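Mind the numbering: the sequence shown is residues 0 to 562 in numbering that gives the first Met the number 0, read in order.
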Amino acid sequence: MKMSKGAAEKSENDAGQEGVVTQPEQFTTVVGVGGGRFNKQQSGVSAISYLSALSETFAEIREAGPLLLSSLCLVSALEGADMALLPAVFYALQTDLGLHLNDLATMTLIQGVTSSAVAPFWGIIADRGILKRKTIIIMGCILQGLVTMLLSVVDQMVGMTILRALNGALLASLRPVANGVIADVTSEQRRGKVYGFVQLCSNVGLMAGGLIGTPLSTQLVWGWQGWRVSFIGIGSLSVLVGLFAACTMTEPERENSGKSAKERGALRQELGKLLSYFRMPTFCALIFQGWFGSIPWNAMGYSTLFYQVGGIGDAKAAILAAAGQASGAIGGLLGGLIGDRLSKRCPMHGRPLTAQISVLCGIPVAYLIFMIDPPEGEGAFFYYLGLVIFMGLTATWCGVGVNLPILTEIVRPEGRSTILAWEAALESTFAAILGNAMVGFLAQNVFGYKLDEDHKEAVSDPESRRALGKALTLTCFTPWLICWLAYTLLHWSYPKDLKRVRDEKMKDKKEARMKKQQEREEAKRAAREASKAQDGSAEALEQTVDASVDKSIEQTAGTVISV
């Protein structure tokens, strides 16, 4: 369609007044996106508005690339394997180095507290741009691997505790930063699925660390004690994963990443940012549920002992533990998909509803496992196996299907790594202190579990099994009930915080559009002034030439007259 010169000038003038470039009348476009069709036909449609809508349509289908996702999954599996390694080889440490159960609890607690304390600083470093997130992940993998290999040559409790604390500080750099990367490269409607894949890999790492580390720890490999070989093997894999990430991972672009270090602020401003998070009801609700919701999973470390005390053999108890991890891996992926689907159907209430369903599934199953006497004989194993698998498939949706997607939606993109790190720190510290410690205290001091008796007598003691079962049931039931109530609050807080963030984004876009309009007006003004200056120079030059010609004519005429 052709436009007359006057119409084109009028369209340009209108565009200058409105800050947009207008399209000819009856502009019609049909674009296929994701198998669908996007039709637009109207008079005087803004091209920028149309392109903005088109970009948002494409944004809905953003997803992490295969190489990036592979790197993040390997990092997550590595973290899971390292977390499972120490409990898996502790029996060998006890026999070879003379360590006690309290030593294991001390090392685990110090590692957990150190990891929780350091995690926010990694998030701040990533969000302030002090280091690239790719650099943080690579550095965390390689240094953590070297520390793990050093553990293979240490024989003293103090040295191992220091190295485990350093190991926890380095591991803390992986999860929040990786989750922040996922949030930046994946659209809101697909984050749950991607988080589910990453969580699945973490559970695979947990299974591998336990299933490989436990039998290998008591063997001799080329004259080396098996637990030392396990540390060397996991450490070497960590270094290889870091090198793989260095070769394949690319630093993803971030929204609003153009701020200077001065604008990002110092540590005091970051603490102020943390306080601003607590002014968001959704963040408070998620932290509150995390304090209590993580306690049962931390306490589940006693489940293997519960099976053994109840008469289940060591091999079958290990199979039950592995089945729980495997079903939990699938359950995490399933939770991500369900959260995405319900969020698409009901954007404001789908994810909170996903969490409530998951928690309600876990409470009765925990009661059936720890409080109801199983069938005698071989039936006990299959009774526990069915319940453990069901719990893993249904009670594991909250983290990847609800918590992580919501946290990445209620803050600006440049603050995602920080808020994820703070959430992990505040949540895991509380669980590390009250999880295993609470079960041990209740079982021994309240319900009469005889921890100091000979192991063989304890295994055949049904009273000890009941005491431990009551402690586990109470540690699961009460925190999960509080967790369910906290998720109920999200039905009120999440829509408000999500609307606030979206309003802020619209305000930022409007300000950016106005800024571009001002820049365009200034450019036009400068062009007009330059044009006027050129016209003035040409006119002055013409006057000078005319004056010179007139003067030359007068001089010539005077010469002729005198002659």
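Ideal placement from N, C-alpha and C gives every residue a C-beta, glycine not left out. As the structure is a computational prediction, the values presented were derived from the model and not from experiment.
(Q) Short of 6 Å in beta carbon distance, which residues of its chain neighbour Phe282, apart from the five on each side in sequence? Order them along the chain. (A) The residue you call residue 282 lines up with position 283 of the sequence shown. For Phe282, the CB contacts under 6 Å within the same chain, skipping 5 residues up- and downstream, are Tyr276 in chain order.
(Q) Could you check whether Gly208 and Leu84 sit closer than 8 Å to each other, using their CB atoms as the reference points? (A) Against the sequence shown, residue 84 aligns to sequence position 85. Against the sequence shown, residue 208 aligns to sequence position 209. Yes, they are a contact pair.
Q) Beta-carbon separation of Arg163 and Ile109 under 8 Å? A) Here residue 163 refers to the residue found at position 164 of the sequence shown. Here residue 109 refers to the residue found at position 110 of the sequence shown. Yes, they are a contact pair.
Q.
Could you compute how far the alpha carbon of Val157 sits from the alpha carbon of Glu462?
A. As a working mapping, residue 157 is identified with position 158 in the sequence shown. As a working mapping, residue 462 is identified with position 463 in the sequence shown. Between the C-alpha atoms of Val157 and Glu462 there is a straight-line separation of about 36 Å.
Q. Do you know offhand how far His348's Cα is from Ile388's?
A. Counting from one through the sequence shown, the residue named residue 348 turns up at place 349. Counting from one through the sequence shown, the residue named residue 388 turns up at place 389. Rounded to whole angstroms, His348 to Ile388 spans 28 Å at the Cα level.
**Q.** Min CB distance Gly79 to chain D below 8 Å
**A.** Here chain D cannot be found, since the structure has a single protein chain.
Q | Meets three-Cβ-pair contact criterion under 8 Å: the segment 316 to 329 and the segment 287 to 304 | A | The segment 287 to 304 and the segment 316 to 329 touch, with three or more beta-carbon pairs separated by less than 8 Å.
Q. Alpha carbon to alpha carbon, what distance is there between Leu336 and Ser235?
A. As a first step, residue 235 must be located in the sequence shown, where it is residue number 236. As a first step, residue 336 must be located in the sequence shown, where it is residue number 337. If you take the alpha carbons of Ser235 and Leu336, they lie about 34 Å apart.
Q) According to the neighbour-count rule (16 or more other Cβ atoms, all chains shown, within 10 Å of its Cβ), is Ile371 buried or exposed? A) As a working mapping, residue 371 is identified with position 372 in the sequence shown. The residue is exposed, with fewer than 16 neighbouring Cβ atoms inside 10 Å.
Q) Just to confirm, are Met159 and Val153 a CB contact at a threshold of 8 Å? A) Here residue 159 corresponds to residue number 160 of the sequence shown, with the count starting at 1. Here residue 153 corresponds to residue number 154 of the sequence shown, with the count starting at 1. Cβ atoms of Met159 and Val153: closer than 8 Å.
Q) Nearest-angstrom Cα distance between Gln542 and Glu503? A) As a first step, residue 542 must be located in the sequence shown, where it is residue number 543. As a first step, residue 503 must be located in the sequence shown, where it is residue number 504. Rounded to the nearest angstrom, the two C-alpha atoms are 58 Å apart.
Q. Taking just the CA atoms, how far does Lys506 sit from Thr27?
A. The sequence position of residue 27 within the sequence shown is 28, counting from 1. The sequence position of residue 506 within the sequence shown is 507, counting from 1. At Thr27, the pLDDT of 38 sits below 50, so the modelled position is not reliable and the matter cannot be decided from this model.
Q. Can you find at least 3 beta carbon pairs, one from the segment 128 to 145 and one from the segment 69 to 82, that sit closer than 8 Å?
A. With a cut-off of 8 Å, the segment 69 to 82 and the segment 128 to 145 count as touching, because enough Cβ pairs lie within range.
**Q.** Euclidean distance between Cα positions of Tyr486 and Ala522
**A.** The residue labelled residue 486 in the question sits at position 487 within the sequence shown. The residue labelled residue 522 in the question sits at position 523 within the sequence shown. When only Cα atoms are considered, Tyr486 and Ala522 end up about 53 Å apart.
**Q.** Cys200 versus Trp223, Ala245, Ser326, Leu367, residue with shortest Cα-Cα distance
**A.** Within the sequence shown, residue 200 is the residue found at index 201, counting from 1. Here the closest residue by C-alpha is Ser326.
(Q) According to DSSP, is Leu568 part of a helix, a strand, or is it coil? (A) Limits of the chain in this structure are 0 at one end and 562 at the other, which puts residue 568 out of reach.
Q: Compute the beta-carbon to beta-carbon distance between Ala80 and Gly204, rounded to the nearest angstrom, for a pair I have assumed lies under 8 Å.
A: To locate residue 80, count along the sequence shown from 1; it is residue 81. To locate residue 204, count along the sequence shown from 1; it is residue 205. Yes, they are in contact, since the Cβ atoms of Ala80 and Gly204 sit about 4 Å apart, within 8 Å.
Q | Burial state of Leu441 (16 or more Cβ within 10 Å) | A | Counting from one through the sequence shown, the residue named residue 441 turns up at place 442. Its Cβ being crowded by 16 or more others within 10 Å, Leu441 is buried.
Q: Ignoring anything shorter than 3 residues or poking outside the segment 319 to 386, list the beta strand (DSSP E) runs there in chain order.
A: none
Q: Quick one: give me the first and last residue of the alpha helix (DSSP H) that Arg163 is part of.
A: Position 164 of the sequence shown, counted from the first residue, corresponds to residue 163. Residues 156 to 170.
Q) Alpha carbon to alpha carbon, what distance is there between Gly334 and Leu165? A) In the sequence shown, residue 165 corresponds to position 166, counting from 1. In the sequence shown, residue 334 corresponds to position 335, counting from 1. A straight-line Cα-Cα distance of about 33 Å links Leu165 and Gly334.
Q | Per-residue burial, Pro175 [other beta carbons within 10 Å of its own, 16 or more giving buried] | A | Indexing the sequence shown from 1 puts residue 175 at position 176. Buried: at least 16 other Cβ atoms inside 10 Å.
(Q) I'd like to check one pair, Leu489 with Ala284: are the Cβ atoms closer than 8 Å? (A) Along the sequence shown, one-based indexing puts residue 284 at 285. Along the sequence shown, one-based indexing puts residue 489 at 490. Going by C-beta atoms, Ala284 is nearer than 8 Å to Leu489.
Q | Enclosing alpha helix (DSSP H) for Met299 [first to last residue] | A | Within the sequence shown, the letter at position 300 stands for residue 299. Element bounds for Met299: n/a, residue is neither H nor E.
Q: Check the DSSP bridge columns for Gln571 and list the partner residues they point to.
A: Residue coverage of the chain in this structure runs from 0 to 562, which leaves residue 571 outside it and unanswerable.
Q. Expressed to the nearest angstrom, what Euclidean distance is found between the alpha-carbon atoms of Glu520 and Gly179?
A. Your numbering for residue 520 matches position 521 in the sequence shown. Your numbering for residue 179 matches position 180 in the sequence shown. Each residue's alpha carbon lies about 38 Å from the other.
Q) Would Val578 be called buried (16 or more neighbouring beta carbons within 10 Å of its own) or exposed? A) This structure does not reach residue 578, given that the chain is present from 0 up to 562, and the question cannot be answered.
**Q.** Pairwise C-alpha distance: Val358 and Leu480
**A.** Working through the sequence shown from its first residue, we reach residue 480 at position 481. Working through the sequence shown from its first residue, we reach residue 358 at position 359. Roughly 8 Å between the two C-alpha positions.
Q. Using the beta-carbon count (16 or more within 10 Å), is Leu214 buried or exposed?
A. Numbered from its first residue, the sequence shown carries residue 214 at position 215. Before going on, a small fix: residue 214 reads as Pro here, not Leu. Exposed.
Q. Are there 16 or more other CB atoms within 10 angstroms of the CB of Glu78, so buried, or fewer, so exposed?
A. Within the sequence shown, residue 78 is the residue found at index 79, counting from 1. Buried is the call here.
Q: Just the C-alpha distance for Ile233 and Lys508, rounded to the nearest angstrom, thanks.
A: In the sequence shown, counting from the first residue as 1, residue 233 sits at position 234. In the sequence shown, counting from the first residue as 1, residue 508 sits at position 509. One C-alpha to the other measures close to 47 Å.
Q: Quick one: which unbroken beta strand (DSSP E) runs of 3-plus residues sit fully inside the segment 485 to 540? Chain order, please.
A: none
**Q.** Bridge-paired residues (DSSP) for Gln224
**A.** Sequence index remark: in the sequence shown, residue 224 carries index 225 (1-based). According to DSSP, which records beta bridges pairwise, Gln224 is partnered with Leu219.
Q.
I'd like to know whether the C-beta atoms of Leu471 and Phe369 end up nearer to each other than 8 Å.
A. Your numbering for residue 471 matches position 472 in the sequence shown. Your numbering for residue 369 matches position 370 in the sequence shown. Yes. Within cutoff.
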